[in-house]
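What follows is a set of notes on a single structure, which appears directly below.
Protein chains in written order, with the working numbering: chain A, 1 to 117; chain B, 1001 to 1113.
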């Protein structure tokens, strides 16, 4: 089956620094990738939709200058949390749809636990 | 716009008992429906999905769900649960127009010995 690899699985960073999270589709081409944020004991909230070769589309209330998304190839999207603060601590999950089978299933990465100290 | 409601935040159940996790949705267009399971500090694993056709969908790990269009529901069931089924379960809805999924708030299934 389709595999989405997300790296790192855990990261601890100091307040004010930037952190990059990678999301790779290992065995399929993903024209679209999605970035979600999950607060403790909460559901997944869509942050942005990342389209290969174009600018990401951000959901209302998500700061695009803080959460930089790049989708430079059909297999890689990155989320950079810039000038991270403790309130950015969260579980971030990416997902991707397989261009070959359309949009009927999204495959999820393992998630990244970000802790800002 | 579309939304998903999971009425039960937690469902405690004894091992080998049946379980039903409820999911209701609202949407102005035709939808695809999904159930995902999440173990602690992990991503989401697809249990099953409804795209079209038969309203009874069978998934992995012995789970099944039934799509009921008139009641806008997609409840998840398992006839006999195991301790290993303890996890968070998310119902999600998607459609061809909006490719990102909309998730419910999740239901914590706690299987007790």
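From the three backbone atoms N, C-alpha and C, an ideal C-beta is built for every residue, glycine too.
A quick note: this is a predicted structure, and the numbers were derived from the prediction, not measured.
Of the residues 1063/B, 1022/B, 1047/B and 1075/B, the one whose Cα lies closest to the Cα of residue 1038/B is 1047/B. According to the DSSP assignment, residue 1021/B belongs to the beta strand (DSSP E) that extends over 1019-1021. Counted as a single uninterrupted DSSP element, the beta strand (DSSP E) harbouring residue 1094/B occupies residues 1087-1094. In chain order, 78 place their CB closer than 6 Å to the CB of residue 70/A, counting only its own chain and leaving out the 5 sequence neighbours on each side. Residue 24/A is bridged by DSSP to 5/A and 76/A. In summary, the residues of the stretch 1095-1110 of chain B whose CB is separated from some CB of chain A by less than 7 Å are 1096, 1099, 1100, 1101, 1103, 1104, 1105 and 1106, in the order they occur in the chain. Restricting attention to 1094/B, 1087/B and 1006/B, the CA atom closest to the CA of residue 1051/B is found in 1094/B. Considering only beta carbons, the part of the stretch 1034-1050 of chain B lying closer than 9 Å to chain A consists of 1034, 1036, 1038, 1041, 1042, 1043, 1044, 1045, 1046 and 1049, in chain order.
Counting along the chain, residue 87/A sits inside no beta strand (DSSP E), nor does DSSP assign it H or E at all.
The beta carbon of residue 56/A sits closer than 6 Å to those of 48, 50 and 69, all from its chain and outside the five residues before and after it, given in chain order. Within chain B, the C-beta atoms nearer than 7 Å to that of residue 46/A come from 1100, in chain order.
Residues of chain B whose Cβ lies closer than 9 Å to the Cβ of residue 111/A are, in chain order, 1038, 1041, 1042, 1043 and 1044. In this structure, the beta-carbon distance from residue 16/A to residue 83/A falls below 7 Å.
None of the residues of the stretch 1011-1029 of chain B has a beta carbon lying less than 9 Å from any beta carbon of chain A. Neighbours of residue 1090/B across chain A, judged by C-beta separation under 9 Å: 43 and 44. The beta-carbon of residue 84/A is placed no less than 7 Å from the nearest beta-carbon of chain B. If you draw a straight line from the Cα of residue 1069/B to the Cα of residue 93/A, it is about 30 Å long.
A Cβ of chain B is located within less than 7 Å of the beta carbon of residue 108/A.
Burial is judged here by how many other beta carbons sit within 10 angstroms of a residue's own beta carbon; residue 72/A has fewer than 16 and is exposed. The count of Cβ pairs closer than 8 Å, one atom from the stretch 1082-1089 of chain B and one from the stretch 1101-1111 of chain B, reaches three, so the stretches are in contact.
Under the Cβ criterion of 7 Å, residue 21/A is not counted among the residues facing chain B.
In the pairwise beta carbon analysis, the stretch 1061-1081 of chain B is classified as touching the stretch 1014-1022 of chain B: at least three pairs are separated by under 8 Å. Taking each of 3/A, 21/A, 26/A and 28/A in turn and checking the Cα distance to residue 36/A, the smallest one comes out for 21/A.
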